[in-house]
Every structure is written in structure tokens, then in C-alpha cells.
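> Next up is a structure, given as C-alpha cells.
Below, the structure is given as C-alpha cells:
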């Protein structure tokens, strides 16, 4: 019989590559660790040759699902015990990915909504910065509605002229431009009454952090929330494992004692 | 017959975890890319539960080799066509790792020395900032000697009081302190005549970049050099693959034409 798998976070990355690095940086930077060995074990499938998600959902590109399923297969093959995807839009395919994965997935929106709830009743109204596809699928809105939290989203023309160009600017490593575009899109939401922002596309915190935007202070960052959820899982799984090892050790001792009697 | 493997860089990471993120950041940030799909495909085994390399080499800890070999096995299993290790000290076990890997390894010191050579004849004398184990093994010195480049290294007490504490400070995410300690160690080398520095431990560029040290300008960063080597491999392998695909396509066409005749 093979031993139970060690806790290992599998990361389906590459959507985009810089957002994946940002996620990994947040995991490492937020882990309480006194030495290398205390850090979260991760296996990262950062293969960005996945067809563009926004284009596929707009009906002008091939589906990213087969490439994502290959990544899920590799991560399971590497022994991942949980899988995360640091890309909000990719979660539109979550049902097919969950169905294909032995390892459970930690959902980025669940992690983000938990972070919003920790802000308490003063959080709303909540401005959602996300791709048109994420907004159309109501990935965030339905969960906020269920909690009685009001929300608002960018207007169509704000998505076209500010959000989407910002997103592709970050993907091209033009972080100043991307950050400025995201900030303009966010300010429109604040002008219309948003008291909290959800940076619900993983390029957004990369761009806003790069320009050191003040809006970060009033924002929930789903990338950070997902990193925190991974750290929480690792700390709990490690404790559980230590408990089991202690139990096995005690059973072994008691077994030996019985044989000696 | 299975198709030839797509180019894929395997990263044996976790030594330390932040140095691995720094490496990935340098790969993504230095790749000429207009969209996600242009970026280097990477699979990263970032499992830091590897016994401490410096302690093992000082004879006060268990060997990291079995854990490193498990990582090499997983990366090969994931389809890696090249493997890199963003940790200089880990390269003391390179022969055993190369022997166990189907995918060739790209050696961090080879990449770094190539970067030193690109600086030309004015580079020397070269100050080497590295762990005691890396210095004792003459990982850098022998290659510099072979090229007629003079070098100097920290004194024993500078390693004990500046370099090693700097290294462990970065591993504990105390980047201000780590950066300041590394800078003090580096200044001693500059005072003794170093005209170029090699930051030959992957924690060093993380610390010095964090404090925005001026010494970065006179430094060769092996992490960046390794990232550049990976990008070079990816660009060449992709071109080669495209050439093969074009050739296959032409053969297919010519085959069809022959059948039609």
C-alpha cells in the first residue's frame, strides 16, 4: 500500500504568466516561515500555450479547455493534493476541470468572497473589476447577492477602453500603462459609490501594485486571498499529518510493548 | 510512436522558495512576448522540504540529494526537456542529478560565466559572493581561472558575520536586513579591488534588489543569466519546431501531390 500523499499545492498557471509569478510571490511572502523547509510545497504548471480565454468566450478563438485539462492531468500526476488556478476567467470552465481532477480545487472566488466578508458590513457597495466574460457569467455578483452585499460593475465602454486594454498591457509587460488604465477604470467605480473594490482579474493587482496605486488599500485582492487559502491548507494539513505520525508512532510503540509482554 | 516532446523548462526550485520566485519573475520579465502564448513554458517543482544544503556540506545535517532526486524524477515525468536549478550551492550535487535525469541540465555557473565574458576584458578582478560551500568547491574560481580572469572572495569572518546571516535573513523574508548584510559583504570586496561582482547565491540578488543597492550595476546576476539561457533555449527550440512542422507540412503536400500524379 502506498503511503498517503504529502500535502502539495498544484498551480495551473500561465494565465497570464506574470499573474502566476505574482501569486507565487504572495504565497511565499505571506507564509509564516523561519527557514526554507517551512514554506508551502508547490508544483506549478506554468505553460502559457493555452488559447486566450477572453477571445474564446467572445466566440473568436478556440477553447482553452483541452490545454487546461492537460495541465490538470500533469498536476495530478505530480501528486498534487489541492489545485488552484490564479486566473478568474479560467474559472468559467471550473466544472469540467473539477470533474477531471482527483485533487479538489480551491476556488478563487470563494477565497475572495471570504476576504470580502472579513471586511464586515461596511464593505459595500462593492466595485468589481473583471473581464467581460467573468462579469457576464456573474461569477462574483451571484455570490455577493447571496450575502446581501450590493455591487457595481464597469460600463461597457469602460471595459472596452480601460479594462481590456489594461489587461493586455500587463500581459505584454507594459505595467505602467496597464496600471494606469486599471486605475482609471477603478476610479469610475469609486465615483459611482464603490467603497470596496474586488480586483477580480489577476492582471489587475499586478498593474495597480506596479504603479503603487492608493486604491490597493480599499481593495480585496483575490490573488492574495487564494494564496492565503493555500497557506491555511498547508498549515492545517501539516498539523494533521504530524498528528497522524505521532499516532502511528504511539500505535507502533504500543504494538511493540504488547509483543514484549 | 509518440510525438517529440514540446520544449518545456523544468525548474527544481525551493532552494530557497523566494529565489525560485525571483528566477521565474526574471524569466517572464525578460521574454520578448506580445501575448501570454509567447512566454516560456515552465513546470516548477517548488517543494522546499529539502534538507539544508549549507548545513549538509558543513557536516551537520542530512543530505539533500534524495529530495533533489525526487524533484528531478517528477520534472522528467512531467515532460521537461531541460532542467534548471536556481540555487548555486545545489550545483555541488550536479553530477548525481545529471546522471539521474533524461532531460539535460543547464548549469547556472556556465550561464553566469558567459554573462561575465560578455562584459569583456575590463571585468576583472571579480568579487565572488557565495556560500562557504560554493567557494570551497571552487565552483566559480576554476572557471574564471580557465579564462584568465582574476578573482577574490570574502574572508572567513566576513562569511560568518555578513554573508551567511544575510542568506538566512532572506530565507526568513527579512529582506531589508538581508540586503544590508549582503551589501556590507560586497563593499569589502570592492574595497579590495573588485571591479565586477558575481552574486553567486540566489538569495543575494533578492536582498540587494530589495534595498535598491547601487552595487547591482557592477554585478553579474546568475539568476538573470540562467533566466536568459532558458529564454534562449525556448526561442531556439520553438524556431526549430516550427521549421520541422513546416518541413512535415511540405513533405505531406509533396506526398499528396505524388499520389495525385
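Protein chains in written order, with my numbering: chain S, 766 to 1026; chain Y, 766 to 1026. Heads up, the beta-carbon is just placed ideally off N, CA and C, and yes, glycines get one too.
Flag residue 931(S) as yes if its beta-carbon sits less than 8 Å from any beta-carbon of chain Y, otherwise no.
Chain Y, which has no Cβ nearer than 8 Å to the Cβ of residue 931(S), makes this no.
> Residue 801(S) touches chain Y at which residues, Cβ-Cβ below 8 Å?
What residue 801(S) touches in chain Y: 779, 780, 781, 782, 813, 815, 817, 936.
> With a CB to CB cut of under 7 Å and the five nearest residues on each side skipped, what residues in its chain are close to residue 974(S)?
Closer than 7 Å at Cβ, skipping near neighbours: 981.
> Is there a Cβ of chain Y sitting closer than 8 Å to that of residue 1057(S), yes or no?
For residue 1057(S) there is no data in the structure shown, the boundaries of chain S being 766 and 1026.
> Indicate whether the contact test is met: 3 or more Cβ pairs, each with one atom in the stretch 842 to 856 of chain Y and one in the stretch 813 to 832 of chain Y, closer than 8 Å.
Yes, the stretch 842 to 856 of chain Y is in contact with the stretch 813 to 832 of chain Y.
> With residue 961(S) and residue 884(S) assumed to form a contact (beta carbons below 8 Å), what rounded beta-carbon distance in angstroms separates them?
Confirmed, about 6 Å.
> Under 8 Å between C-beta atoms, does residue 807(S) make it to chain Y?
Yes, its Cβ sits closer than 8 Å to a Cβ of chain Y.
> Can you name the start and end residues of the beta strand (DSSP E) that residue 848(Y) belongs to?
Looking at the DSSP string, the run of the beta strand (DSSP E) that includes residue 848(Y) is 847 to 849.
> Quick one: give me the first and last residue of the alpha helix (DSSP H) that residue 859(Y) is part of.
That run of the alpha helix (DSSP H) goes 859 to 865.
> Taking the DSSP output, what are the residues bridged to residue 984(Y)?
The partner list for residue 984(Y) (beta bridge, DSSP) reads 962(Y).
> Leaving out the 5 sequence neighbours to the left and right, which residues in its chain are closer than 6 Å to residue 934(S) when beta-carbon positions are compared?
Once the five neighbours on either side are set aside, the close Cβ partners of residue 934(S) are 942, 943.
> Put residue 815(S) into one of helix, strand or coil per three-state DSSP.
Residue 815(S) falls in the coil class under three-state DSSP.
> Three-state secondary structure (DSSP) at residue 775(Y)?
Note: residue 775(Y) maps to strand in three-state DSSP.
> Which of the three DSSP states is assigned to residue 805(S) in this structure?
Of the three classes helix, strand and coil, the one that applies to residue 805(S) here is coil, per DSSP.
> Listed in chain order, which residues of the stretch 837 to 858 of chain S have Cβ atoms closer than 8 Å to some Cβ of chain Y?
Answer in chain order: 839, 842, 843, 844.
> Can residue 965(Y) and residue 893(Y) be called in contact, C-beta distance under 8 Å?
It is a contact, given that the beta carbons lie within the stated cut-off.
> In this structure, does DSSP put residue 892(Y) in helix, strand or coil?
Of the three classes helix, strand and coil, the one that applies to residue 892(Y) here is strand, per DSSP.
> Please decide whether residue 790(S) counts as near chain Y, where near means a Cβ-Cβ distance under 8 Å.
Yes, because at least one Cβ of chain Y sits closer than 8 Å to the Cβ of residue 790(S).
> List the endpoints of the continuous alpha helix (DSSP H) containing residue 932(Y).
Residue 932(Y) -> alpha helix (DSSP H) spans 929 to 936.
> From the DSSP secondary-structure annotation, give me the bridge partner or partners of residue 916(Y).
DSSP, once it has assigned bridges, lists 891(Y) as partnering residue 916(Y).
> Classify residue 1005(Y): buried if its beta carbon has 16 or more other beta carbons within 10 angstroms, exposed otherwise.
Per the 10 Å Cβ criterion, exposed.
> Indicate whether residue 788(Y) and residue 967(Y) have their beta-carbon atoms separated by less than 8 Å.
For residue 788(Y) and residue 967(Y), yes; Cβs fall inside 8 Å.
> With a 10 Å radius around its C-beta and 16 neighbouring C-beta atoms as the bar for buried, classify residue 903(Y) as buried or exposed.
Counting Cβ neighbours within 10 Å, residue 903(Y) comes out exposed, since fewer than 16 surround it.
> Let me confirm a value: residue 938(Y) is counted as buried when at least 16 other C-beta atoms fall within 10 Å, else exposed. Which label applies?
Buried, because 16 or more other Cβ atoms sit within 10 Å of the Cβ of residue 938(Y).
> Starting from residue 794(Y), find everything on chain S with Cβ-Cβ shorter than 7 Å and list it in chain order.
By Cβ distance, chain S contributes 938.
> Classify residue 954(S) as helix, strand or coil using the three-state DSSP reduction.
Correct three-state label for residue 954(S): helix.
> For the alpha helix (DSSP H) containing residue 907(Y), list its first residue and its last residue.
Taken as a continuous stretch (DSSP letters only), the alpha helix (DSSP H) holding residue 907(Y) covers 906 to 911.
> Do we get a CB-CB distance below 8 Å when we pair residue 985(Y) with the residues of chain S?
So, not an interface residue.
> Would you kindly work out how many angstroms separate the C-alpha atoms of residue 879(Y) and residue 957(S), rounded to a whole number?
Cα to Cα, residue 879(Y) sits roughly 55 Å from residue 957(S).
> Could you spell out the range, first to last residue, of the alpha helix (DSSP H) harbouring residue 968(Y)?
Per DSSP, residue 968(Y) belongs to the alpha helix (DSSP H) from 968 to 975.
> In chain Y, which residues lie with their C-beta within 9 Å of the C-beta of residue 798(S)?
The contacting residues are 782, 813, 936, 937, 938.
> Starting from residue 804(S), find everything on chain Y with Cβ-Cβ shorter than 8 Å and list it in chain order.
Those within 8 Å of residue 804(S) in chain Y are 779, 781, 782, 813.
> Would you kindly work out how many angstroms separate the C-alpha atoms of residue 868(S) and residue 842(S), rounded to a whole number?
The straight-line gap from Cα to Cα measures roughly 10 Å.
> Within the chosen definition, does the stretch 907 to 923 of chain S reach the stretch 772 to 792 of chain Y through at least 3 CB pairs nearer than 8 Å?
With the cut-off at 8 Å, the stretch 907 to 923 of chain S and the stretch 772 to 792 of chain Y do not touch.
> Could you check what DSSP says for residue 1026(S) in three-state terms: helix, strand or coil?
Because residue 1026(S) sits at a pLDDT of 47, beneath the cut-off of 50, its placement in the model cannot be relied upon, and the point is left open.
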